[in-house]
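Student: Got a structure for you, written out below as structure tokens; questions coming shortly.
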Amino acid sequence: MVMVIEPGMRFGLVVTVEQVKHPTRRGTFWKCNCDCGSVTVKYAAHLRRNEVKSCGCVKGANRTHMMSGTPEYKAWDNARSRCYREKDPKYPLYGGRGITMCDAWRGSFANFYAYMGPRPSPEHSLDRYPNSDGNYEPGNCRWATDEEQNNNRSLNRHVTLNGRRLTIAQASRETGIPHPTIIGRLDRGATDEEALRRG
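First residue of the sequence shown? That's 1 in the numbering used here, and the numbers climb one at a time after it.
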């Protein structure tokens with residue numbers, strides 16, 4: 001069965017935009033955007049055979065930004081996939097909920113990296129913050145540890161302790177009161193102050 005090419009499909013570094021006619025050659029061609037920022041036209045048969053890796057900016061295994069195998073590149077590429085690739089297992093939680101990536105980042109890893117910079121450590125990953133329901137865009141992204149990301153989840157329950165908004169887990173660590181105890185007190189109608197009171 002012949003693969004049906006549609007707009008928005010990714011082949012290596014290029015993403016299909018629209019079908020076009022080649023000025024000198026016969027056959028089916030597609031206008032594509034490359035991650036390096038260039039626009040290119042590729043033969044449909046070459047796309048189907050997975051022979052297209054880029055607009056031509058790739059030489060062997062190297063790309064113009066020389067970061068294709070880095071954690072930063074993978075974080076960027078995975079985020080785009082979650083937002084736009086319907087076959088991605090996580091799409092329903094991201095693109096399916098309307099979460100997107102800004103155009104400047106979606107079309108250019110270089111723009112993303114220029115803003116985000118290098119990942120601080122292997123324990124850090126890409127996090128949408130301060131709005132965990134917001135988009136991947138400047139002002140709403142950071143490199144965060146698993147603990148920081150877990151504290152940022154929209155489903156977390158929060159309490160106020162000494163004027164600070166904390167998750168139940170954070171409040172439990174600071175007060176020494178077991179997590180289930182705090183939850184139980186709140187469920188019985190206690191105020192935050194009462195739920196976090198020792199003794």
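Note that CB positions come from ideal geometry on N, CA and C, so glycine has one too. Model, not experiment: these values are computed from the prediction.
(1) Is C36 helix, strand or coil by DSSP?
(2) I'd like to know whether the C-beta atoms of C34 and S54 end up nearer to each other than 7 Å.
(3) What do you get for G95, buried or exposed, if any count of 16 or more other CB atoms within 10 angstroms of its CB means buried?
(4) Kindly indicate which residue of P71, S68 and C102 has the alpha-carbon position closest to the one of R80.
(5) Using the Cα positions of R198 and T145, report the straight-line distance between them to the nearest angstrom.
(6) From this set, L196, A190 and W143, which residue's C-alpha is nearest L166's C-alpha?
(7) Under the rule that 16 or more other beta-carbon atoms within 10 Å means buried, what is K21, buried or exposed?
(8) Does the Cβ of L155 have 16 or more other Cβ atoms within 10 Å, making it buried, or fewer, making it exposed?
(9) State the DSSP-derived secondary structure class of M1, mapped to helix, strand or coil.
(10) Figure out for me which residue from M67, M9, W76 and K74 has the closest Cα to the Cα of R48.
(11) I'd like to confirm the pairing. Which residues does DSSP put opposite F11 in its beta bridges?
(12) Indicate the three-state DSSP secondary structure (helix, strand or coil) for A190 in the structure shown.
(13) Between which two residues does the alpha helix (DSSP H) harbouring S125 extend?
(14) Going by C-alpha to C-alpha distance, which of G12, E6 and T70 sits closest to S121?
(15) By the DSSP assignment, the beta strand (DSSP E) with H158 in it spans what residues?
(16) According to the Cβ coordinates, are V52 and H46 closer than 7 Å?
(17) Give every residue of the same chain whose Cβ lies closer than 8 Å to the Cβ of N140, excluding the five residues on either side of it in the sequence, and list them in chain order.
(18) For R142, does the three-state DSSP call read helix, strand or coil?
(19) What's the call for V4, buried or exposed, on a 16-neighbour Cβ count within 10 Å?
(20) For D187, tell me which candidate among S125, H158, M116 and L13 has the shortest Cα-Cα distance.
Tutor: On the basis of the supplied data:
(1) coil
(2) yes
(3) Per the 10 Å Cβ criterion, buried.
(4) C102
(5) 30 Å
(6) L196
(7) exposed
(8) Because L155 carries a pLDDT of 49, less than 50, the predicted location of this residue cannot be relied on, and the following value inherits that uncertainty. Label assigned to L155: exposed.
(9) M1: coil per DSSP, three-state reduction.
(10) Taking only the C-alpha atoms, the option nearest R48 is M9.
(11) V14
(12) coil
(13) Where S125 is concerned, there is no enclosing alpha helix (DSSP H), although the beta strand (DSSP E) it sits in stretches over S125 to R128.
(14) Ranked by Cα distance from S121, the options G12, E6 and T70 are led by T70.
(15) H158 -> beta strand (DSSP E) spans H158 to L161.
(16) yes
(17) R128, Y129, P130, N131 and G134
(18) strand
(19) exposed
(20) Comparing Cα positions, the closest option is H158.
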